[in-house]
Amino acid sequence: MSPPAAGSLLPSLPSGARILIIRLRSIGDIVLLTPALRLLKEWRPDLHVSVMVEDRFRELLENNPHVDAILEMSKASGLAQLGARLGTIRRIRRGDFQLCMNLHGGPTSASIASWSGARWKAAFGHFRRKGIYDYLIPDPRTILKKETIHTAEHQASAFFHLGLPSKEIPAAQIQLTAAEHAWWARKRESLGVPATKPYVVIHPMALYATKQWSPGNFAALGASLDSRFSVIYACGPGESRVLDEVEKAAGKKVSRLEGAGLRHFAATLAGARLFIGNDSGPAHMAAAVGIPGVVIFSSSSSTIWAPWRPRAAWRIVQNHFDCNPCPGDRCYQFERPECILSITFNQVRSAVEAVLSEAKALMDC
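Numbering (my numbering), first residue to last: 61 to 425.
(1) So is residue 296 buried or exposed if we call it buried at 16+ other beta carbons inside 10 Å?
(2) Kindly indicate which residue of 290, 414, 333 and 330 has the alpha-carbon position closest to the one of residue 316.
(3) Check whether the segment 98-107 touches the segment 70-87, taking contact to mean three or more Cβ pairs, one atom from each stretch, closer than 8 Å.
(4) Per DSSP, residue 392 forms a beta bridge with which residues?
(5) Are the segment 371-385 and the segment 355-362 touching by the rule of at least three beta carbon pairs closer than 8 Å?
(6) Residue 31 lies in the alpha helix (DSSP H); which residues open and close that run?
(7) Can you give me the C-alpha to C-alpha distance between residue 64 and residue 401, rounded to a whole angstrom?
(8) Can you tell me whether residue 384 is helix, strand or coil according to DSSP?
(9) Below 9 Å between beta carbons: does that hold for residue 82 and residue 121?
(10) Give the DSSP-derived three-state secondary structure of residue 302 in the structure shown.
(11) Which residue or residues does DSSP assign as beta-bridge partners of residue 108?
(12) What are the start and end residues of the beta strand (DSSP E) that includes residue 98?
(13) Look at the alpha carbon of residue 177 and the alpha carbon of residue 286, and state the distance between them as a whole number of angstroms.
(14) Return the residue from the list 233, 87 and 368 that minimises the CA-CA distance to residue 212.
(15) How many whole angstroms separate the CB atoms of residue 349 and residue 292, which I take to be in contact at a CB cut-off of 8 Å?
(16) Based on the DSSP secondary-structure assignment, which residues constitute the bridge partners of residue 162?
(17) What are the uninterrupted segments assigned as alpha helix (DSSP H) that are 4 or more residues long and contained completely in the segment 327-384, given in chain order?
(18) From which residue to which residue does the alpha helix (DSSP H) around residue 169 run?
(19) Just how far apart, CA to CA, sit residue 220 and residue 99?
(20) Among the residues of its own chain, which have a CB less than 7 Å from the CB of residue 300, if the five just before and after it don't count?
(21) Considering only the beta carbon of each residue, do residue 389 and residue 268 sit closer than 9 Å?
(22) Which two residues bound the contiguous alpha helix (DSSP H) that contains residue 192?
(23) In the structure shown, what three-state DSSP assignment does residue 253 receive?
(24) Anyone know if the C-beta pair for residue 155 and residue 183 falls short of 9 Å?
(25) What does the Cβ neighbour count give for residue 117, buried or exposed, with the cut at 16 atoms within 10 Å?
(26) For residue 119, which option in 363, 391 and 345 has the closest C-alpha, if you only look at C-alpha atoms?
(27) Just to confirm, is the Cβ distance from residue 209 to residue 95 under 9 Å?
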């Protein structure tokens, strides 16, 4: 049987058809997939949607009403990795998938798609191993007829090309449980953060030095807020060094949330009056739980990677350089990464005050 035309594929799937969507990592990409998943399931709630992610990112999709199953790809190494991946492939092949959509693009995801046993396979046309796919999805700029495409639009465009009716792409979302909110209430008390005082979360981490605003600036920013708010500095596993630098610059101990799981971190964010951080995954999480925020951008394109359609007040702080965007692993233009070093304390503080004022005005309405 020849495959249906691309624009008829999703409409032609039988009721109850099973779809496998591969998006292995990272935080931002997975959070920014949730708008497309919502559109798909609201249009065809009868479809059974499975999403494959690396095991460390599973929590981002838990409790999501638009995901029927989460499949994990282990990041273990050596023989443990081989055994885990063979087990994953067996589970996928038992899934009886009608369609496999690879939205990731690397060699691992291509192998998963190849071994999935799905009746139809689809991926973007610029991905490697094109021969394994029945459908090659064009450049999203062609699909959406726009020159610059946000990551949320990029991922949704694949579904539009395969027949999902094109419509406005909603905000990203992370759905939390009562138990997760209760965890934060207990953790907040253990951190000495009063339940009667509003708090802000500052996440001073970044993947690259080109995205890392200085810990000293973050310390000064916290000091400018601590008469009105409790200030919580957050980091993930193995990132304590930056919080140590914040404390050194502050000249005192600060409230630290370290190594919380993604869902517990999301619960922490959900109760905050404001999020402040570098361009990184937690900024997308903050927007997805619906709180105001300020994000400091440097080497990346904020047009492509800003939090998508946040439901609260947000500001992006970024200085324009002709070399932006770049890969970000180092500065390719100057001796130092001027894109991040040029961002001043006053720029960020002004953005913070603007967001707080806007958020207060909305609360007073």
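For every residue, glycine included, the Cβ atom is placed at its ideal position computed from N, Cα and C.
The structure displayed is predicted, hence computed values, not measured ones.
A quick look at the data gives this:
(1) Translated into positions along the sequence shown, residue 296 becomes position 236. When all chains shown are included, residue 296 counts as buried.
(2) As a first step, residue 316 must be located in the sequence shown, where it is residue number 256. Of the listed residues, the one whose Cα sits closest to residue 316 is 290.
(3) yes
(4) For this step, residue 392 is matched to residue 332 along the sequence shown. DSSP lists no partner for residue 392.
(5) yes
(6) Because the chain spans 61 through 425 in this model, residue 31 falls outside it and cannot be assessed.
(7) Against the sequence shown, residue 64 aligns to sequence position 4. Against the sequence shown, residue 401 aligns to sequence position 341. Answer to the nearest angstrom: the Cα atoms are 52 Å apart.
(8) Your numbering for residue 384 matches position 324 in the sequence shown. Of the three classes helix, strand and coil, the one that applies to residue 384 here is coil, per DSSP.
(9) Within the sequence shown, the letter at position 22 stands for residue 82. Within the sequence shown, the letter at position 61 stands for residue 121. Taking the C-beta atoms as reference points, residue 121 is found no nearer than 9 Å to residue 82.
(10) The residue you call residue 302 lines up with position 242 of the sequence shown. Residue state, collapsed to three classes: helix.
(11) Position 48 of the sequence shown, counted from the first residue, corresponds to residue 108. Listed as beta-bridge partners of residue 108 by DSSP are 78.
(12) Taking the sequence shown and counting its residues from 1, one reaches residue 98 at position 38. Where residue 98 is concerned, there is no enclosing beta strand (DSSP E), although the alpha helix (DSSP H) it sits in stretches over 94-103.
(13) Counting from 1 along the sequence shown, the entry for residue 177 is found at position 117. Counting from 1 along the sequence shown, the entry for residue 286 is found at position 226. Roughly 56 Å separates the two Cα atoms.
(14) By 1-based counting over the sequence shown, the position of residue 212 is 152. The shortest C-alpha separation from residue 212 is found at 368.
(15) Within the sequence shown, residue 349 is the residue found at index 289, counting from 1. Within the sequence shown, residue 292 is the residue found at index 232, counting from 1. Wrong, their Cβ atoms sit about 15 Å apart, outside the cutoff.
(16) For the purposes of this step, residue 162 is identified with residue 102 of the sequence shown, where counting begins at 1. Answer is 82 and 183.
(17) 341-348 and 362-365
(18) Your numbering for residue 169 matches position 109 in the sequence shown. 167-175 is the extent of the alpha helix (DSSP H) around residue 169.
(19) Counting from one through the sequence shown, the residue named residue 220 turns up at place 160. Counting from one through the sequence shown, the residue named residue 99 turns up at place 39. Going by the C-alpha atoms only, they are around 10 Å apart.
(20) Working through the sequence shown from its first residue, we reach residue 300 at position 240. 318, listed in sequence order.
(21) Within the sequence shown, the letter at position 329 stands for residue 389. Within the sequence shown, the letter at position 208 stands for residue 268. Contact flag set, yes.
(22) Reading the sequence shown from its first residue, position 132 is the one you call residue 192. Neither: residue 192 is in no alpha helix (DSSP H) and is coded neither H nor E.
(23) Walking along the sequence shown from the start, residue 253 turns up at place 193. If DSSP states are grouped into helix, strand and coil, residue 253 belongs with coil.
(24) Here the question's residue 155 lines up with position 95 in the sequence shown. Here the question's residue 183 lines up with position 123 in the sequence shown. For residue 155 and residue 183, no; Cβs fall outside 9 Å.
(25) Looking up residue 117 in the sequence shown gives position 57. The residue is buried, with at least 16 neighbouring Cβ atoms inside 10 Å.
(26) Start at 1 with the first residue of the sequence shown, and residue 119 comes out as number 59. Looking at the Cα atoms, 345 is the closest of the given residues.
(27) Locating residue 209 in the sequence shown gives position 149, where the first residue counts as 1. Locating residue 95 in the sequence shown gives position 35, where the first residue counts as 1. Cβ distance not < 9 Å, so residue 209 and residue 95 don't count as in contact.
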